[in-house]
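Just so we're aligned: the sequence shown equals residues 501 to 930 in the numbering used here.
Each residue gets a CB set at the ideal place from its N, CA and C atoms; glycine is no exception.
Below is one structure; the comments refer to it alone.
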Amino acid sequence: MKRMMLMLALGSTVQMAAAQTTVEFWHSFGDAKRADWIQGLATEYNKTHPDTVVKPVYKGSYNDSLQATILAARQNKPPAMVQIFEVGSQLALDSGMFQPVSGIKNVDFSDYLKPVINYYTIGGKVNSLPFNSSSPVLYYNKALMKKAGLDASKPPTTFGALLDACKKIEAAKLDTTCFGMSLNGWFVEQWMAEQGATLLNNGNGRDGRATASNLDSAAAKNIFGFFKTLQDNKYFTYTGKLEDWDGSDAIFTNQKTVFHITSTADIGNINDAAKKSGFEMGVGVLPIPTGTTRGGVVIGGASLWIPKNISKAQAEGALDFALFMTNTKNMADWHKLTGYYPVRQSSITALRNQGWFTQTPLQLVAFNQLTTTKPSPATAGGLNGTAIETRKIIEEGLQKVLGGANADTALSETKTRVDAALGEYNANFK
Numbered sequence: 501m502k503r504m505m506l507m508l509a510l511g512s513t514v515q516m517a518a519a520q521t522t523v524e525f526w527h528s529f530g531d532a533k534r535a536d537w538i539q540g541l542a543t544e545y546n547k548t549h550p551d552t553v554v555k556p557v558y559k560g561s562y563n564d565s566l567q568a569t570i571l572a573a574r575q576n577k578p579p580a581m582v583q584i585f586e587v588g589s590q591l592a593l594d595s596g597m598f599q600p601v602s603g604i605k606n607v608d609f610s611d612y613l614k615p616v617i618n619y620y621t622i623g624g625k626v627n628s629l630p631f632n633s634s635s636p637v638l639y640y641n642k643a644l645m646k647k648a649g650l651d652a653s654k655p656p657t658t659f660g661a662l663l664d665a666c667k668k669i670e671a672a673k674l675d676t677t678c679f680g681m682s683l684n685g686w687f688v689e690q691w692m693a694e695q696g697a698t699l700l701n702n703g704n705g706r707d708g709r710a711t712a713s714n715l716d717s718a719a720a721k722n723i724f725g726f727f728k729t730l731q732d733n734k735y736f737t738y739t740g741k742l743e744d745w746d747g748s749d750a751i752f753t754n755q756k757t758v759f760h761i762t763s764t765a766d767i768g769n770i771n772d773a774a775k776k777s778g779f780e781m782g783v784g785v786l787p788i789p790t791g792t793t794r795g796g797v798v799i800g801g802a803s804l805w806i807p808k809n810i811s812k813a814q815a816e817g818a819l820d821f822a823l824f825m826t827n828t829k830n831m832a833d834w835h836k837l838t839g840y841y842p843v844r845q846s847s848i849t850a851l852r853n854q855g856w857f858t859q860t861p862l863q864l865v866a867f868n869q870l871t872t873t874k875p876s877p878a879t880a881g882g883l884n885g886t887a888i889e890t891r892k893i894i895e896e897g898l899q900k901v902l903g904g905a906n907a908d909t910a911l912s913e914t915k916t917r918v919d920a921a922l923g924e925y926n927a928n929f930k
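Have a look at this one:
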């Protein structure tokens with residue numbers, strides 16, 4: 501009898517193991533803080549879902565993870581879910597290896613923040629689920645502003661106001677440069693959107709495949725012209741490298757600049773570094789070209805994509821875990837831990853009810869900037885398969901301006917290069 505019961509128990513265990521669905525989740529967070537948070541939720545989810553085993557796996561940078569997923573899918577061994585950065589969206593679509601999350605099962609996406617869900621809604625389908633989202637804001641050194649005779653409660657909100665502040669900072673001889681930031685094409689996309697201008701034609705690549713950039717527009721000229729003015733007056737500094745986020749942050753936290761622009765996701769870390777350096781940091785909205793109407797920001801960060809060539813059980817399990825990971829409570833916790841937006845309106849409400857924004861008022865500026873963004877093709881973000889290359893070309897164009905080149909000439913060359921890259925990429929889809 502005991503032997504029979506043992507055999508039945510073993511049989512039940514084998515059946516349970518066989519019935520379990522494995523959901524391998526590839527992500528790009530190599531730091532312990534964020535990776536441990538993801539693993540902790542996977543462990544919690546697995547305990548309450550004995551038929552599913554979620555296995556988070558770090559797969560390197562965003563680009564590394566995307567390429568690894570495409571290769572694995574071609575070998576019929578894709579993960580059940582992968583984190584892909586926002587500018588990889590067109591590449592993910594063009595690979596033909598992913599399925600819209602809105603087609604897996606019926607989901608109400610209405611609680612997801614409009615500027616965020618709009619980025620990942622393409623052709624009327626929600627292709628991926630928002631996860632870690634951010635946008636840029638202005639950081640400033642309150643003490644240095646006061647020394648220059650500026651009102652630290654009123655940071656500049658326009659290019660003109662920033663330039664006026666730079667004049668006073670120079671006159672005060674503070675032994676610091678007025679402004680600095682990472683030289684990154686992402687910011688140019690933001691400034692185009694803030695002016696209500698699309699970076700690309702065909703509705704920013706959302707009405708049809710983008711075939712040309714709008715870098716010959718007045719909006720683009722405003723941006724390149726601003727950098728020319730900064731350079732001519734020696735108001736700007738950076739490390740000399742492209743996309744040097746950490747180096748640019750260090751310039752600011754070491755009090756070598758008064759103003760700095762970077763992602764909202766860095767508010768916590770930069771504020772901690774500012775305190776160690778002995779100054780109080782402020783946060784303001786992203787300054788925009790003078791005389792333009794503020795349109796809002798384009799979301800940055802990444803979302804969760806689900807491949808096609810997996811079982812229905814894996815697809816549904818992956819989406820179910822993604823919904824769990826981005827539910828109201830978990831997104832509020834994620835925001836507190838990292839500084840990324842919590843992507844759900846209900847999470848913002850929960851944070852307000854908890855008094856979070858009273859405790860951390862710097863975050864409120866970032867939230868208001870996002871929630872007041874006007875939905876449009878411009879703020880939905882540019883969609884194109886050469887987005888990574890496009891950003892680098894734009895950065896190189898700005899670098900020429902900072903090296904003394906004529907702004908209009910540098911912009912014209914930048915447009916020519918971006919359009920050529922688009923043409924070369926699109927030739928693969930004729």
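Mind reading off the beta-carbon distance from residue i to residue j? Whole number of angstroms is fine, and I expect it under 8 Å.
{"i": "Val582", "j": "Trp537", "result": "So it is not a contact: roughly 18 Å between Cβ atoms."}
{"i": "Ile723", "j": "Trp691", "result": "5 Å"}
{"i": "Leu870", "j": "Tyr841", "result": "6 Å"}
{"i": "Leu902", "j": "Gln731", "result": "5 Å"}
{"i": "Ile799", "j": "Val587", "result": "Contact flag wrong, Cβ pair sits at about 11 Å."}
{"i": "Val523", "j": "Val557", "result": "Val523 to Val557, Cβ: 11 Å. No contact."}
{"i": "Ala866", "j": "Thr764", "result": "4 Å"}
{"i": "Ser628", "j": "Ile570", "result": "15 Å between Cβ atoms; not a contact."}
So what does DSSP say about residue i, is it helix, strand or coil?
{"i": "Thr879", "result": "helix"}
{"i": "Ile604", "result": "coil"}
{"i": "Pro615", "result": "helix"}
{"i": "Val798", "result": "coil"}
{"i": "Ala509", "result": "Its pLDDT being 48, under 50, Ala509 is placed unreliably in this model, and the value from its coordinates should be taken loosely. Three-state result, Ala509: helix."}
{"i": "Val514", "result": "With a pLDDT of only 45 at Val514, under the threshold of 50, the placement of this residue in the model should not be trusted, and no figure is reported."}
{"i": "Leu715", "result": "coil"}
{"i": "Asn827", "result": "coil"}
{"i": "Gln583", "result": "strand"}
{"i": "Val918", "result": "helix"}
{"i": "Gly782", "result": "strand"}
{"i": "Thr737", "result": "strand"}
{"i": "Thr860", "result": "coil"}
{"i": "Leu699", "result": "coil"}
{"i": "Thr886", "result": "coil"}
{"i": "Ser838", "result": "Note on identity: in this sequence residue 838 is Thr, with Ser being the wrong assignment. Helix."}
{"i": "Thr658", "result": "strand"}
{"i": "Lys900", "result": "helix"}
{"i": "Gln854", "result": "coil"}
What does residue i pair with, by DSSP beta-bridge criteria?
{"i": "Pro807", "result": "Phe598"}
{"i": "Leu742", "result": "Leu683"}
{"i": "Glu689", "result": "DSSP, once it has assigned bridges, lists no residue as partnering Glu689."}
{"i": "Glu524", "result": "Lys555"}
{"i": "Thr762", "result": "Val637"}
{"i": "Thr621", "result": "Val626"}
{"i": "Tyr925", "result": "Bridge partners of Tyr925: none, in fact."}
{"i": "Arg844", "result": "Tyr612"}
{"i": "Asn632", "result": "Ala802"}
{"i": "Thr872", "result": "Answer by DSSP bridge pairing: none, since Thr872 is not bridged."}
{"i": "Leu650", "result": "Per DSSP, none; premise fails for Leu650."}
{"i": "Thr677", "result": "Thr757"}
{"i": "Ile788", "result": "Thr658"}
Would you call the CB atoms of residue i and residue j closer than 7 Å?
{"i": "Leu662", "j": "Val758", "result": "no"}
{"i": "Asn704", "j": "Pro877", "result": "yes"}
{"i": "Gly801", "j": "Gln590", "result": "no"}
{"i": "Leu683", "j": "Ile761", "result": "no"}
{"i": "Glu694", "j": "Arg794", "result": "yes"}
{"i": "Phe726", "j": "Phe679", "result": "no"}
{"i": "Ser713", "j": "Lys930", "result": "no"}
{"i": "Ala573", "j": "Lys559", "result": "no"}
{"i": "Val797", "j": "Thr873", "result": "yes"}
{"i": "Leu709", "j": "Asn926", "result": "According to the sequence displayed, residue 709 carries Arg and not Leu. Cβ atoms of Arg709 and Asn926: closer than 7 Å."}
{"i": "Pro787", "j": "Pro578", "result": "no"}
{"i": "Ala535", "j": "Ile810", "result": "no"}
{"i": "Ser561", "j": "Ser528", "result": "yes"}
By the 10 Å Cβ neighbour count, where 16 or more other Cβ atoms means buried, how is residue i classified, buried or exposed?
{"i": "Lys502", "result": "The pLDDT assigned to Lys502 is 49, lower than 50, so where the model puts this residue is not dependable, and the model offers no usable value."}
{"i": "Arg917", "result": "buried"}
{"i": "Arg891", "result": "buried"}
{"i": "Asn771", "result": "buried"}
{"i": "Thr676", "result": "buried"}
{"i": "Leu715", "result": "buried"}
{"i": "Arg706", "result": "buried"}
{"i": "Gln575", "result": "exposed"}
{"i": "Pro550", "result": "exposed"}
{"i": "Asp749", "result": "buried"}
{"i": "Lys808", "result": "exposed"}
{"i": "Gly511", "result": "Low per-residue confidence applies at Gly511: pLDDT is 49, beneath 50, and the placement is therefore not dependable, though the value from the model is reported in the following sentence. The residue is exposed, with fewer than 16 neighbouring Cβ atoms inside 10 Å."}
{"i": "Arg844", "result": "buried"}
Using beta carbons (cut-off 7 Å, strictly below), is residue i in contact with chain B?
{"i": "Met681", "result": "Protein chain content of the structure displayed is limited to a single chain, and chain B is not contained in it."}
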